[in-house]
Structure formats: structure tokens, C-alpha cells
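All letters in the sequence shown, in the order written, are residues 8 to 326 by my numbering.
Each residue gets a CB set at the ideal place from its N, CA and C atoms; glycine is no exception.
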Amino acid sequence: MLARWRDNLMRLAERRLPALTRYRQSEPLPIRLHPRRVYILPTRFGLGFAVLLMAMLIGALNFNNNPALLLALLVAATTMIGFHHNVGQLNKVELQGVAADPVHAGQPIRLRLNFRATGGSERPELIVDQNDTQTRFSLPSEGAAEAFLLLPTLRRGRMPVGRFRIWTEYPFGITWAWSVLHPQAQVLVYPAPEHAAPALPTGDPREQGQRLRFPGDDWHGLREHRPGDPPKHVAWKPSARQERLLVKEFADPQSQAVLLDWHALHLDKEARISRLTRWVIDARDRQLPFRLRLPEIDLGPGIGPAFAASCLRELALLP
Numbered sequence: 008m009l010a011r012w013r014d015n016l017m018r019l020a021e022r023r024l025p026a027l028t029r030y031r032q033s034e035p036l037p038i039r040l041h042p043r044r045v046y047i048l049p050t051r052f053g054l055g056f057a058v059l060l061m062a063m064l065i066g067a068l069n070f071n072n073n074p075a076l077l078l079a080l081l082v083a084a085t086t087m088i089g090f091h092h093n094v095g096q097l098n099k100v101e102l103q104g105v106a107a108d109p110v111h112a113g114q115p116i117r118l119r120l121n122f123r124a125t126g127g128s129e130r131p132e133l134i135v136d137q138n139d140t141q142t143r144f145s146l147p148s149e150g151a152a153e154a155f156l157l158l159p160t161l162r163r164g165r166m167p168v169g170r171f172r173i174w175t176e177y178p179f180g181i182t183w184a185w186s187v188l189h190p191q192a193q194v195l196v197y198p199a200p201e202h203a204a205p206a207l208p209t210g211d212p213r214e215q216g217q218r219l220r221f222p223g224d225d226w227h228g229l230r231e232h233r234p235g236d237p238p239k240h241v242a243w244k245p246s247a248r249q250e251r252l253l254v255k256e257f258a259d260p261q262s263q264a265v266l267l268d269w270h271a272l273h274l275d276k277e278a279r280i281s282r283l284t285r286w287v288i289d290a291r292d293r294q295l296p297f298r299l300r301l302p303e304i305d306l307g308p309g310i311g312p313a314f315a316a317s318c319l320r321e322l323a324l325l326p
């Protein structure tokens, strides 16, 4: 009930007081919190504690019990000090950077938030959340710390990190202080690779020295079975151990770069991107040199994780 009331209050604040929650605009980094950006509300425990404290005060006044009145006033004073410390936990906290390693669409991305405290004491029990994801961290005095959030990804390209909230109930759990951060930051999401895509192409026969011919005479490794693989290439013993169908792969030692050509695929746009993504991953994992030909750019030939990352980036940013 109280949680629903708190959520309704936050939604009302977003509609009526956009300056309070920084709802409308994103902000350039770094973002520094100050008392005018930090807001405070009672927790469920805090509301119950307030009712109990009020009952103590009324009882002490009604029965003219001075020790009970003194105790109630001391508790109230301590609570007021707790309010100050609760807001102070977020005061002078600075969000300095937002980063993430790219993932493929559909996979959760691990957002890395770099915070720094400028002044004050240690700040324990800080919480950052966005939707249903949250993480806890502590900031040392005059130090820095990282917080990590797992966010869902739906499509390829640059994904804005969006709004998230930093809050704390420290020290007494009676109140929670919060502020909303909306940095001008984006993370890169690679395209989702095609599931059970065909094997890598043999390249363009007109380009001598840039062909990759399969199968060859040298055993190259194992990969998952794909439709169209010949039964004689199935690795039965490794498949039994792994409980999935694996296929032996052979490479010609004289082969060089395989050509991944956008124009050679007769698919719609997103299906082409998905298949090329799968082929780039396969070539990277097998340490094969390859060349990627896109409508407005020609990459390679190249080999290795760095070149594959460049190709995946170009595929992700295709308009």
C-alpha cells in the first residue's frame, strides 16, 4: 500500500514538477548532486516510527511524565539529525562517466556507472535503480566507485542509457533520500546474429587470393551443426560428450580472406544484417581473415577481435 502510494507520488511529481525529477532533459556529464537536487520522503518504517513517537509524546504530556517526555524529545532530535545525514549521503556525489561493453541485441548490457564523492565522510548503502534493476555500492570519502546495472536491449544501434535513480535509506531507514540522473550517454548494441545461419561463403571467385575454400585437408575445429552439413563431418564422440550435435570443420591452408558481401544476399535489410553478423562472429571465433562489403563501405581484409569489432560496429550503425 505504502509502496503504491510512493510510486503514485513519484509519477505525480514527474508530471507536475519536471524540474524536481529532471524528467524532460538529459544532462551532460559530469552530473553533480547538491541539496537542491536531493529530495526526501519517509519510508514505511519511518511512518510507523512517526506514529509511535507521536503516541509517546501524547502519552507523556497527558500523564505529565517528564522522563518519558525527555525520551521522546531526544528520539525526535536524533531523528532530525538522521534527516540531515540521509540527505548528506547524496550531497556532493558526482556521476563522472557511463560506459558499457557492446552486446548483441536481446542480451542484457552491463552498464558501468562511475561515481565520485567530493568531500564528506564515507557513503555506504547507496542504491542505483532503473525499472526493476538495482545495485548497491559504497563511496569512500574523497574517492571513486563503480556501480553496475544490467539493462535489457531490444534493437541494434546506439541505445540511450535513459533515466535512473540514486537513493539511500542510510542511516536509520526512517527516510529515503533520492535524486534522478539522466545523463547524455549512449551505449552501442550489436545486431542479433542469425540462429542456425548457413556456413561461411567461399568468397568471390573473381578475387584471386581472397578465397576461403571449405572443406580442405587440415582439420580446423568443431562447430555446431547447421542445416546442409554432410553427415560424414559429424563428430559423434564430442557430440555425445557435449550433448549437442557438433561438426568437424576443415580449412585449406592456402586460403586467405573470405568475402562477406551485402549485395550477394537476397534477403531483407535486417535479415542481411543478422546473417552478416553471424558470419563475422564465426570468422572471428575461427581466426579466419575476412572482408566485409557493405553498401557504402568496404572493410578489410582483416583478422582478429579488433577487426571483427569494427565490422560489428558498422553493422550496428547501418541506417
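State the DSSP-derived secondary structure class of residue i, mapped to helix, strand or coil.
i: P260; result: Its pLDDT being 48, under 50, P260 is placed unreliably in this model, and the value from its coordinates should be taken loosely. In this structure, P260 counts as coil in the three-state DSSP scheme.
i: Q193; result: strand
i: S148; result: coil
i: P326; result: coil
i: R170; result: coil
i: V187; result: strand
i: I47; result: strand
i: Q215; result: For Q215, the pLDDT reaches just 37, beneath the cut-off of 50, and the residue's location in the model is therefore unreliable, leaving the point undetermined.
i: D224; result: Per-residue confidence for D224 stands at a pLDDT of 48, beneath the threshold of 50, marking its modelled position as unreliable; the derived number appears in the next sentence. DSSP places D224 in coil when its eight states are reduced to three.
i: L40; result: coil
i: R165; result: strand
i: E277; result: helix
i: L252; result: coil
i: L59; result: helix
Just checking my contact of residue i with residue j at CB under 8 Å: how many whole Å lie between their CB atoms?
i: A67; j: A79; result: 6 Å
i: I47; j: T182; result: 5 Å
i: I391; j: T175; result: The shown model of the chain, from 8 to 326, leaves out residue 391, and the question about it has no answer.
i: G127; j: G95; result: 6 Å
i: A75; j: M61; result: That pair is no contact at about 13 Å.
I'd like to know whether the C-beta atoms of residue i and residue j end up nearer to each other than 7 Å.
i: L319; j: V265; result: no
i: E129; j: S148; result: yes
i: L97; j: A184; result: yes
i: R119; j: A107; result: yes
i: R230; j: V254; result: yes
i: G311; j: R298; result: no
i: R291; j: A313; result: no
i: W286; j: L267; result: yes
Would residue i count as contacting chain B if we go by Cβ distances under 7 Å?
i: E303; result: Looking for chain B here will not work: only one protein chain is present.
**Message:** Measuring CB atoms only, is the segment 45 to 62 touching the segment 141 to 154, in the sense that at least three cross pairs come out at less than 8 Å?
**Reply:** Contact between the segment 45 to 62 and the segment 141 to 154 is not established, with fewer than three Cβ pairs separated by less than 8 Å.
**Request:** Please list the segments of the beta strand (DSSP E) lying wholly inside the segment 279 to 324, counting only runs of 3 or more residues, in order along the chain.
**Result:** You should have 297 to 300, 305 to 309.
**Message:** Check whether the segment 148 to 155 and the segment 187 to 199 touch, using three or more Cβ-Cβ pairs below 8 Å as the test.
**Reply:** Note that the segment 148 to 155 does not touch the segment 187 to 199; fewer than 3 beta-carbon pairs, one per stretch, sit closer than 8 Å.
**Prompt:** Would you call the segment 246 to 254 and the segment 156 to 174 in contact, with 3 or more CB pairs under 8 Å?
**Reply:** Fewer than three Cβ pairs drawn from the segment 246 to 254 and the segment 156 to 174 lie within less than 8 Å of each other, which leaves the two stretches out of contact.
**Message:** Whether or not the segment 195 to 203 and the segment 308 to 322 are in contact is what I'm after, with contact meaning three or more pairs of Cβ atoms, one per stretch, closer than 8 Å; do they touch?
**Reply:** With a cut-off of 8 Å, the segment 195 to 203 and the segment 308 to 322 count as touching, because enough Cβ pairs lie within range.
**Request:** Give a yes or no on contact between the segment 32 to 44 and the segment 101 to 111, applying the rule of three or more CB pairs nearer than 8 Å.
**Result:** Output reads yes: the segment 101 to 111 touches the segment 32 to 44.
**Item:** Within the segment 85 to 163, ranges of the beta strand (DSSP E) (whole runs, at least 3 residues)
**Value:** Those beta strand (DSSP E) runs which fall completely within the segment 85 to 163 and span 3+ residues are 100 to 106, 116 to 124, 130 to 137, 140 to 146, 151 to 158.
**Asked** Hey, is the segment 229 to 247 in contact with the segment 267 to 280, meaning 3+ C-beta pairs nearer than 8 Å?
**Response** The segment 229 to 247 vs the segment 267 to 280: no contact.
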